[in-house]
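As given, the protein sequences belong to chains A and B, one line each in that order. Numbered according to the numbering used here, the first sequence spans residues 1 to 261. Numbered according to the numbering used here, the second sequence spans residues 1 to 441.
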Amino acid sequence: MREVVLTPKEQPPYGLIAECISCDVFAGRSIEEIEALPVYYGNRQGKLGDFFDVAGEPADKAGELRIIIEGDVTKTRWIGRDMSAGEIVIKGSADMYVGAWMSGGRIVVEGDVGTFSGMQMRGGELHVKGSAGDYLGCSYRGEWRGMSGGRIVVEGNAGAEVGQNLNGGRIFVRGSVDTFAGVRMKKGLLVVGSAIDRVGAQMTGGAIVVLNGVQRLLPGFDPAGDVENPEIEGESFEGVFRKYTGDHAERNARGVLYIKV
Amino acid sequence: MPRYTDVICSFCGTLCDDIEVSVEDNRIVDVKHACRIGTAKFLSSNDLEHRLLKPMVRKNGKLVEVSLEEAIERAAEILKNAVKPLLYGWSSTCCEAQSVGIELAEELGGVIDATVTVCHGPSVLAVHDAGYPGCTLGEVKNRADLIIYWGSNPMHGHPRHLSRYSIFPRGYFRERGQSDRELIVIDVRKTDTAKIANKFVRVNYGEDYELISALRKVVNGGELREESVAGVPKEEIIALAEKMMNCQFGVLFFGMGLTQSYGRHRNIDNAICLVRDLNVHTKFVMQPMRGHYNVVGFSEVLGWQAGFPYAVDFGRGFAWYNPGETTANDVLQRGECDAALVIASDPVSHFPRKSVEHLAKIPLVAIDIHPTPTTQIADVVIPSAIAGIEAEGTAYRMDSVPLRLRKVKEPPEGVLSDEEIMRRLLAKVRGEAPKLEVEAR
Ligand code: SF4
Numbered sequence: 001m002r003e004v005v006l007t008p009k010e011q012p013p014y015g016l017i018a019e020c021i022s023c024d025v026f027a028g029r030s031i032e033e034i035e036a037l038p039v040y041y042g043n044r045q046g047k048l049g050d051f052f053d054v055a056g057e058p059a060d061k062a063g064e065l066r067i068i069i070e071g072d073v074t075k076t077r078w079i080g081r082d083m084s085a086g087e088i089v090i091k092g093s094a095d096m097y098v099g100a101w102m103s104g105g106r107i108v109v110e111g112d113v114g115t116f117s118g119m120q121m122r123g124g125e126l127h128v129k130g131s132a133g134d135y136l137g138c139s140y141r142g143e144w145r146g147m148s149g150g151r152i153v154v155e156g157n158a159g160a161e162v163g164q165n166l167n168g169g170r171i172f173v174r175g176s177v178d179t180f181a182g183v184r185m186k187k188g189l190l191v192v193g194s195a196i197d198r199v200g201a202q203m204t205g206g207a208i209v210v211l212n213g214v215q216r217l218l219p220g221f222d223p224a225g226d227v228e229n230p231e232i233e234g235e236s237f238e239g240v241f242r243k244y245t246g247d248h249a250e251r252n253a254r255g256v257l258y259i260k261v
Numbered sequence: 001m002p003r004y005t006d007v008i009c010s011f012c013g014t015l016c017d018d019i020e021v022s023v024e025d026n027r028i029v030d031v032k033h034a035c036r037i038g039t040a041k042f043l044s045s046n047d048l049e050h051r052l053l054k055p056m057v058r059k060n061g062k063l064v065e066v067s068l069e070e071a072i073e074r075a076a077e078i079l080k081n082a083v084k085p086l087l088y089g090w091s092s093t094c095c096e097a098q099s100v101g102i103e104l105a106e107e108l109g110g111v112i113d114a115t116v117t118v119c120h121g122p123s124v125l126a127v128h129d130a131g132y133p134g135c136t137l138g139e140v141k142n143r144a145d146l147i148i149y150w151g152s153n154p155m156h157g158h159p160r161h162l163s164r165y166s167i168f169p170r171g172y173f174r175e176r177g178q179s180d181r182e183l184i185v186i187d188v189r190k191t192d193t194a195k196i197a198n199k200f201v202r203v204n205y206g207e208d209y210e211l212i213s214a215l216r217k218v219v220n221g222g223e224l225r226e227e228s229v230a231g232v233p234k235e236e237i238i239a240l241a242e243k244m245m246n247c248q249f250g251v252l253f254f255g256m257g258l259t260q261s262y263g264r265h266r267n268i269d270n271a272i273c274l275v276r277d278l279n280v281h282t283k284f285v286m287q288p289m290r291g292h293y294n295v296v297g298f299s300e301v302l303g304w305q306a307g308f309p310y311a312v313d314f315g316r317g318f319a320w321y322n323p324g325e326t327t328a329n330d331v332l333q334r335g336e337c338d339a340a341l342v343i344a345s346d347p348v349s350h351f352p353r354k355s356v357e358h359l360a361k362i363p364l365v366a367i368d369i370h371p372t373p374t375t376q377i378a379d380v381v382i383p384s385a386i387a388g389i390e391a392e393g394t395a396y397r398m399d400s401v402p403l404r405l406r407k408v409k410e411p412p413e414g415v416l417s418d419e420e421i422m423r424r425l426l427a428k429v430r431g432e433a434p435k436l437e438v439e440a441r
């Protein structure tokens, strides 16, 4: 695998839209061409090279390329948007929309990611070693089909509405999640450490697993017995789980919620 | 003495259109039919002591009176030099001014947002997810036999809402007025509206979502396991659900008690779904209790000019909308905007501290009818005429019905309407504006 290294310079306070940071866009371009890729902030347009030192060896195919961002880019948005292959490693934290609409490849973030990360992901993997903001793996406003494939792993915590409108794919959050995890979920698997309340609100399908307890359940969830070492959506879990179906506020809801006892 | 009938009250979203106003020597001497708040607004136009009358620009740290031309020039300069200007306010002025404002935001490549963002923004997000089973207030007046106010206290917020549209008026199918209707109030405390209701349901603070879920479960044929949900006993929830299913025409009016409490847009999302579920059994509609008289108008105008209802970022030359990123408070709290224009609104009094702190740091242009904490920290202040009293225009009632605001008296000397100020500002910006550094993609 070849590597292109982006070393961040000063980030603009307005927020930097850098959807060009993707293996698909870098593939087949020289270092000079990569430096000249457009980025946007406020009402201005600039070049990627204005905000990053670009070095390394570019590749012809996205799948043969690894992009390394050396440090925090907490004002940079849309990293890895629409990416289909290759790998991005962010050695720090990034802003909103990391890996939105991604369909393949892998993004590893050593710090945190902002709100709306993994939005409507279709494939590939987003691995966050820190924490994620609200709306992890969500859908864009008004779109009822959210993330449909791929895998998101967050080792820390995540904010509200994780996996909103989830329509396939898998999300794992080791730590705690804020309110409304799996809201309006239809398909797929969402596994979280602990949750506060309103887990699976308005869900009609798919499965949610809570490993370390939830403070309060919605009235739309009915108990369906205990299960031991269950296999859920192709993943095995150890221990005894209390099974619920719901959210029966919805007509014909077929969602399943497992809470570890 | 000129007497105007069918004048519109430009205060709250009820937008009463039956006001009578008498004017003598350019002073309003009598107001009929308006509620106390509306009357006070009409009469306040006589009081020039508490009005802004002269344009001002901050020089050496102090606001000094200048010509209108100079104020507009300075405002245009501030906005043109900004990389990410924020244009905020808009709900208490007419659609015509809003329309030019949106054009200005597009010209500048700025972010435009209205007070929707801190009132019924969550309702808008919920409508994206669940649709909008609404109606006009005329339908409520003529048909509704079950009226529910949830998290809303119209006795104080919209004083004539009850008498013109919901409980008291006689309607085509409700000939006996109040005795043909039932009023239910759901709130965290017994408000004055709750005191006149046939039934008051007290819900635990921050648990509205749970109560809606429980109601939906019952309406959809499920059984409640809990003895009580959100502090409301099971029997009461079942009785309430049955009442809703068995009415002929029900309406759910909801206010900021639902949109701004824990759960926010999901409360409304769930409530919309409840109304949808109820329509399997009967006819049921819902309606947000919009506060500012033309907050609906802003979403309408932005909707037809940019395709989105609020919080639009024109930075890249096209409209990008995503509340959470492009909303005024997010842009301010993240310290992203480097200049702001505030019109017909007072964010310094109403925004969270962190937002105000950033607003105080950046150059600020304020357009308003009277001094506010926002005009006090502004760098340019431009006085404007009161839309609906001193200037004509269009406003949208809370049920999205457009009404024509009337002009009943002249504004103070030299004071222009919001629309005219926006036009001059846009012309100034256009006249000298260099194109964006590079054409947006
Ligand atoms: S209810 Fe609202 S619109 Fe009607 S008179 Fe009172 S303040 Fe004006």
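Ideal Cβ positions, reconstructed from N, Cα and C, are used throughout, including at glycine.
Query                                                                                                                                                              : Result
Counting contacts by CB-CB distance shorter than 8 Å, is A/A158 in contact with chain B?                                                                           : no
What residues in its chain sit with their C-beta under 8 Å from that of B/P347, if we drop five residues either side in the sequence?                              : Y88, G89, A328, S355, V356, L359, T374
So is the beta-carbon of B/T93 under 7 Å away from any non-hydrogen atom of the ligand SF4?                                                                        : no
Taking the alpha-carbon positions, what's the B/C247 to B/V111 distance?                                                                                           : 45 Å
Taking the beta strand (DSSP E) that B/Y396 falls in, what are its first and last residues?                                                                        : 393-396
How far does the beta strand (DSSP E) with B/I444 in it extend, from its first residue to its last?                                                                : Residue 444 of chain B is absent from the model: chain B starts at 1 and stops at 441.
Got a sec: does the ligand COA put a non-hydrogen atom nearer than 7 Å to the Cβ of B/L15?                                                                         : What this structure holds is the ligand SF4, not the ligand COA.
Could you tell me whether any Cβ in chain B is nearer than 8 Å to the Cβ of A/D112?                                                                                : no
Between the beta-carbon of B/T394 and the beta-carbon of B/C35, is there less than 8 Å?                                                                            : no
Applying the 10 Å Cβ sphere with the 16-neighbour rule, what's the burial state of A/M83?                                                                          : buried
What three-state label does DSSP hand A/Q202 in the structure shown?                                                                                               : coil
Starting from B/R404, trace the alpha helix (DSSP H) both ways and give me its first and last residue.                                                             : Unbroken run through B/R404 is the beta strand (DSSP E), 402-405; no alpha helix (DSSP H).
At a cut-off of 7 Å, is B/V276 close to the ligand SF4 when judged by its beta-carbon and the heavy atoms of the ligand?                                           : Sequence check: residue 276 of chain B is Arg here, not Val. It does not: the Cβ of B/R276 is nowhere closer than 7 Å to a heavy atom of the ligand SF4.
Quick check: the Cα distance between A/K129 and A/E110, rounded to an integer number of angstroms?                                                                 : 5 Å
Under 8 Å, do A/G205 and A/R251 count as touching if we go by C-beta distance?                                                                                     : no
Can you find the residues in the same chain that come closer than 6 Å, C-beta to C-beta, to B/F58, ignoring five residues on each side of it along the sequence?   : In the sequence under discussion, the amino acid at residue 58 of chain B is Arg, which differs from the Phe named in the question. The answer, listed in chain order, is D379.
Does any C-beta atom of chain B lie closer than 8 Å to the C-beta of A/N43?                                                                                        : yes
Indicate the three-state DSSP secondary structure (helix, strand or coil) for B/W304 in the structure shown.                                                       : helix
Look at the Cβ atom of A/A198, then the Cβ atom of A/P223, and state whether they are nearer than 8 Å.                                                             : The amino acid at residue 198 of chain A is misidentified as Ala; the sequence shows Arg. Going by C-beta atoms, A/R198 is not nearer than 8 Å to A/P223.
Take the Cβ of A/P219 as the centre, count every other Cβ of all protein chains shown within 10 Å, and call the residue buried at 16 or more, exposed below.       : buried
Expressed to the nearest angstrom, what Euclidean distance is found between the alpha-carbon atoms of A/K186 and B/L215?                                           : 22 Å
How is B/P363 classed by DSSP in three states: helix, strand or coil?                                                                                              : coil
Report the residue from A/L136, A/I196, A/R81, A/I79 whose alpha carbon sits nearest the alpha carbon of A/F172.                                                   : A/L136
Just to confirm, does B/A34 get its C-beta within under 7 Å of one of the non-hydrogen atoms of the ligand SF4?                                                    : yes
Run the CB neighbour count on B/H50, radius 10 Å, all protein chains shown included, and call it buried at 16 or more, exposed below.                              : exposed
Please confirm whether any heavy atom of the ligand SF4 lies closer than 7 Å to the CB of B/I167.                                                                  : no
Between B/L436 and the rest of its own chain, which residues show a CB-CB distance below 8 Å, the 5 nearest in sequence each way excluded?                         : Here the model assigns B/L436 a pLDDT of 41, short of 50, so the residue's position is not dependable, and the following value carries that caveat. Closer than 8 Å at the Cβ level, and outside the excluded window around B/L436, lie G109, G317.
Under the three-state reduction of DSSP, which class applies to B/E262: helix, strand or coil?                                                                     : At residue 262 of chain B the sequence reads Tyr, which differs from the Glu that was named. Correct three-state label for B/Y262: coil.
Mind checking whether B/T191 and B/N153 have CB atoms under 8 Å apart?                                                                                             : yes
By Cβ distance below 6 Å, which residues in the same chain neighbour B/P2 in space, the five residues on each side in sequence not counted?                        : V23
When the Cα atoms are used, what is the spatial distance from A/E19 to A/R81?                                                                                      : 6 Å
Express the C-alpha separation of B/Q376 and B/K454 in angstroms, rounding to a whole number.                                                                      : As shown, chain B starts at 1 and ends at 441. That puts residue 454 of chain B outside it, with no answer to give.
If I follow the unbroken beta strand (DSSP E) through A/S295, where does it start and stop?                                                                        : No information on residue 295 of chain A is available, as it lies outside the stretch 1 to 261 that chain A covers here.
In chain order, what residues of the same chain have a beta carbon less than 6 Å from the beta carbon of A/T74, not counting five sequence neighbours either side? : S93, D95
I need the DSSP call for B/L104, collapsed to helix, strand or coil.                                                                                               : helix
Output, in chain order, the set of chain C residues within a Cβ distance shorter than 7 Å of A/D226.                                                               : Reference to chain C is not applicable here, since the protein chains of this structure are A and B.
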